[in-house]
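Visitor: Mind having a look at this structure? Questions to follow.
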Amino acid sequence: MKECENYCRRFEDEIISSPIEKRKYKYFIIEDAAGCSIGFVNFFSIDKEKKQGEMGVLIGDKRYWQRGIGYASVNAVIDYIFNHMDIERIYIETGENNIPAINLFSKLHFNKCGEYLEDEDFKFIVMEKKK
Numbered sequence: 024m025k026e027c028e029n030y031c032r033r034f035e036d037e038i039i040s041s042p043i044e045k046r047k048y049k050y051f052i053i054e055d056a057a058g059c060s061i062g063f064v065n066f067f068s069i070d071k072e073k074k075q076g077e078m079g080v081l082i083g084d085k086r087y088w089q090r091g092i093g094y095a096s097v098n099a100v101i102d103y104i105f106n107h108m109d110i111e112r113i114y115i116e117t118g119e120n121n122i123p124a125i126n127l128f129s130k131l132h133f134n135k136c137g138e139y140l141e142d143e144d145f146k147f148i149v150m151e152k153k154k
């Protein structure tokens, strides 16, 4: 628990408390109908010169999986990024065995653009979507 408290404190100091225009991370919280946080979409490793950044999504409660929530949330964030930020390319990196993520981003018209080995046993798939 102490480790979690330290992480949350660092997260707040490094990400939440910094001026929004200087942040290299953007978090979009996903809430259920009651307003409880169930996950997030994040946009990070933002490179303003290359006009690109990496995206991730997490819905922590399995009761909300396979219900279209991830699709709707990521789609809304993509729309925001392409229409309100000077970004031309969004990419993801995920393990080759993360079939739900690969399927989700494929439905959102991301295309596979590469792969790499993290070590001998773990291959990452890179997918991208351009404006």
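Quick note, in the working numbering, the sequence shown goes up one by one and the last residue is 154. Note that the Cβ used here is the ideal one computed from N, Cα and C, for glycine as well. Given the structure is predicted, the values throughout are model-derived calculations rather than measurements.
With three or more C-beta pairs closer than 8 Å as the rule, is the segment 69-88 touching the segment 97-113?
Guide: yes
Visitor: DSSP beta-bridge partners for methionine 150?
Guide: Ile115 and Lys135
Visitor: What residue does the alpha helix (DSSP H) around asparagine 106 start on, and which one ends it?
Guide: 92-107
Visitor: Between the C-alpha atoms of valine 80 and valine 64, what's the straight-line distance to the nearest angstrom?
Guide: 4 Å
Visitor: List the endpoints of the continuous beta strand (DSSP E) containing asparagine 65.
Guide: 60-70
Visitor: How close, in whole Å, do the beta carbons of isoleucine 148 and glutamate 141 come, if the pair is a contact with beta carbons under 8 Å?
Guide: The pair is not a contact, with the Cβ atoms about 11 Å apart (cut-off 8 Å).
Visitor: Can you say whether methionine 24 is buried or exposed, counting buried as having 16 or more other CB atoms within 10 angstroms of its CB?
Guide: Bear in mind that a pLDDT of 49 at methionine 24, under 50, signals an unreliable position, so the model cannot answer this.
Visitor: Tell me which residues share the same chain as isoleucine 52 and place their Cβ nearer than 7 Å to its Cβ, disregarding the 5 neighbours each side in the sequence.
Guide: The answer, listed in chain order, is Ser60 and Phe63.
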